[in-house]
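> For any residue, its number in this note's numbering is found by taking its place in the sequence shown, counting from 1, and adding 17. Even for Gly, the Cβ is constructed at its ideal location relative to N, Cα and C. Small disclaimer: the values here were computed from a predicted structure and weren't measured.
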Amino acid sequence: MKFRVTASLVTLFSTSLLAQSSPPAPAPIQVMVLGTYHFGNPGQDMHNMKVDSVLTPAKQAELADVVSRLAKFNPTKIAVEALSDCTDFVSDKFDGFTLEKLSKDPDERIQIALRLAHQLGQKSVYGIDEQSNTIDYFPFDKVDTYAKAHQQSAALGRMQEKVAEMIKQMEAAQKTKTVRLMLADVNDPARVLSDHQNFYYALLSLGNEKEQPGAELNAAW
């Protein structure tokens, strides 16, 4: 079980073109991290948001606007939350990509990252997700077990209620707001901090001198 609000990450790297004094110093590398909500309703999380289709002409126009704005950052490399078997982290998700795919697959990585890479004429998109068969990345079962054993189920329930209410509000908002405004909300620093405090950081209270399931979940996730 998982809970993700900014479930997918699109990471953009850009090299600054600011003039340098002599001798020239290496240009600083700028990184933009864009958090998104799931566009395609994969239903893989603990709390799942029902999103209206992004394959409609209106939503496709909104996504084209988002990508055109991101293109102004002029990223030289684009990375997504995906696995890669290559030593250089190149993802096979961009293999054979054509604009026709935008009308068929709602995946946010395709709709934003691959669309952007194609628009900029880039040859590769990078997969920077990490998975291991030995790590439990979201040990919520341990958190739940601890809460039940230490009379903290009510507290955990309140955390869940806050998440459910947030998802409900997002579902309502996406029906009237553009994709650009939805992404602006999701990436607002105050919003991100509030979301984390209401759930992830709140889980840190579930633990004692012998067990720290809340901390373990934060560390792995």
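Please report the distance separating the alpha-carbon of V209 from that of D109.
To locate residue 209, count along the sequence shown from 1; it is residue 192. To locate residue 109, count along the sequence shown from 1; it is residue 92. When rounded, the separation of the alpha-carbon atoms in V209 and D109 is 30 Å.
> Return the chain-ordered list of same chain residues with a C-beta closer than 6 Å to the C-beta of K159, the five sequence neighbours on each side being excluded.
Position 142 of the sequence shown, counted from the first residue, corresponds to residue 159. Here the set comprises P230.
> Taking the Cβ atom as the reference point for each residue, do E233 and P156 lie within a distance shorter than 8 Å?
Residue 233 sits at position 216 when you count from the first residue of the sequence shown. Residue 156 sits at position 139 when you count from the first residue of the sequence shown. The answer is yes: Cβ separation under 8 Å.
> Looking only at its chain, what residues have a beta carbon closer than 7 Å to the beta carbon of L131, apart from the 5 residues adjacent to it on each side?
Walking along the sequence shown from the start, residue 131 turns up at place 114. So the list reads K110, F111, F114 and V142, once near-sequence residues are dropped.
> Mark M18 as exposed unless 16 or more other C-beta atoms lie within 10 angstroms of its C-beta, in which case mark it buried.
The residue labelled residue 18 in the question sits at position 1 within the sequence shown. Per-residue confidence for M18 stands at a pLDDT of 41, beneath the threshold of 50, marking its modelled position as unreliable; no derived number is given.
> Could you say if the stretch 138-152 and the stretch 176-191 meet the contact criterion of at least three C-beta pairs nearer than 8 Å?
no
> Please state whether the Cβ-Cβ distance between G144 and S101 is less than 8 Å.
Taking the first residue of the sequence shown as position 1, residue 144 is located at position 127. Taking the first residue of the sequence shown as position 1, residue 101 is located at position 84. Cβ atoms of G144 and S101: closer than 8 Å.
> Can you give the beta carbon distance from Q191 to V68, rounded, assuming they're within the 8 Å contact cut?
Against the sequence shown, residue 191 aligns to sequence position 174. Against the sequence shown, residue 68 aligns to sequence position 51. Between V68 and Q191 the Cβ distance is about 6 Å, and since that is below 8 Å, they are a contact.
> Are L119 and L87 close, meaning C-beta to C-beta below 8 Å?
In the sequence shown, counting from the first residue as 1, residue 119 sits at position 102. In the sequence shown, counting from the first residue as 1, residue 87 sits at position 70. No, the Cβ-Cβ distance between L119 and L87 is not below 8 Å.
> When DSSP labels each residue in this structure, what does T162 get in the three-state scheme?
Mapped onto the sequence shown, residue 162 falls at position 145. T162 falls in the helix class under three-state DSSP.
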